[in-house]
Amino acid sequence: MSDELILVDLFDRETGSGEKLAVHRNRQLHRAFSVFIRDGSGRLLLQRRARGKYHSGGLWANACCSHPRKGESLLPAACRRLGEELGVPVQETDLRELFSFVYYAPFDRLSEYEYDHVLLLSHGGPFSPDPGEIEELRWISPEALMEELTRTPERFCAWFLTAAPRVLSILKEEGLADGQKEQP
2 MSDELILVDL FDRETGSGEK LAVHRNRQLH RAFSVFIRDG SGRLLLQRRA RGKYHSGGLW
62 ANACCSHPRK GESLLPAACR RLGEELGVPV QETDLRELFS FVYYAPFDRL SEYEYDHVLL
122 LSHGGPFSPD PGEIEELRWI SPEALMEELT RTPERFCAWF LTAAPRVLSI LKEEGLADGQ
182 KEQP
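Going by the numbering used here, the sequence shown opens with residue 2, and the numbers climb by one from there.
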C-alpha cells in the first residue's frame, strides 16, 4: 500500500499526490480506472476480489480496477495492472475509454472517493490471475449480468453498480453486447 496516488479535483485536474492508504483514510478524491473485458461472444469478464483485500473483499467487480501512480498516465497504468493482476499483456492502443464518473463509497475506516475512468478491452484469454488480488474469474452474458445486478446488488462492489449499467448500455447501443466485433 505504499503507492503514491494522484489527487484530483472534480474535473480530473491533478491537485497533488498522497500515499494510498492515507488517501483512502482521509477521503481524498483521486484518479482511478476500471477495465471491463469483453470476449468475442459479447460476454464480460468478472472477478471476485480476494477476501484479503483492504476493502470489498469477496465482492464481484469488473476485470481490473486500480489507480495510476504519481507521474504515471492512465493507459500505461491500466496496462501495468492488467499484466500484474491478470497476466494479460496489453498495449495502450488495445484500450478504449468509454466514460468517467466520480463516486464516493464509505467502508469501515476507509473510503473510496474516485474519479474513475472506465476502459474497455476486447480479449478472450488466457488469464493468470494473481491470487492476492483475485479469488475467482467468470464470464457472464450482458443479460445475465443485468439480472444479477437487479436481483443481488449486494454481491457487487460499489463502483461496479454505477459503471456496469452504463457499460452495458454503451455496448448495446454499439451492437457489441451480442458478439459483434468492434469497429476500428
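Every residue, glycine too, gets a C-beta built ideally from N, C-alpha and C.
Option nearest residue i by Cα separation, candidates the options
i      : options                           : result
Ser74  : Val103, Lys54 and Arg32           : Arg32
Asp117 : Leu162, Gly133 and Gly84          : Leu162
Leu146 : Ile135, Ser170 and Asp131         : Ser170
Ala165 : Ile135, Phe102, Arg110 and Glu134 : Phe102
Phe108 : Leu22, Leu150, Glu137 and Arg70   : Leu22
Lys71  : Glu174, Asp4, Asp131 and Arg52    : Asp4
Arg139 : Gly17, Arg156, Pro127 and Leu47   : Leu47
Arg52  : Pro127, Gly133, Leu172 and Arg110 : Gly133
8 Å contact criterion, which residue i and residue j should meet: CB distance rounded
i      : j     : result
Leu122 : Val36 : 6 Å
Phe34  : Ser57 : So it is not a contact: roughly 16 Å between Cβ atoms.
Asp131 : Glu86 : 5 Å
Whether residue i touches residue j by CB criterion (8 Å)
i      : j      : result
Ser129 : Gly176 : no
Ala79  : Ala159 : no
Gly43  : Gly125 : no
Val168 : Val119 : yes
Gly59  : Glu148 : no
Cys65  : Arg82  : yes
Tyr114 : Arg26  : no
Pro143 : Leu172 : yes
Residue i versus residue j - alpha carbon distance
i      : j      : result
Ile141 : Leu76  : 25 Å
Ala62  : Asp95  : 21 Å
Glu15  : Arg49  : 31 Å
Ile7   : Leu45  : 28 Å
Met2   : Glu20  : A caution first: Met2 carries a pLDDT of 43, below 50, which makes its placement in the model too unreliable to give a value.
Ser112 : Leu30  : 10 Å
Gly84  : Pro127 : 12 Å
Glu93  : Pro69  : 14 Å
Asp150 : Arg156 : With the sequence shown as reference, residue 150 is identified as Leu, and Asp is not the correct amino acid for it. Computed Cα separation, rounded: 8 Å.
Lys54  : Val9   : 24 Å
Problem set entry | Runs of beta strand (DSSP E) lying entirely within the region 76-150, each at least 3 residues, in chain order | The DSSP assignment places 96-107, 112-123 and 135-141 as complete runs of the beta strand (DSSP E) inside the region 76-150, in order along the chain (cut-off: 3 residues).
Exercise. What are the complete beta strand (DSSP E) segments, minimum 3 residues, inside the region 4-62?
Worked result: Qualifying beta strand (DSSP E) stretches, in chain order: 5-9, 15-20, 31-39 and 45-50.
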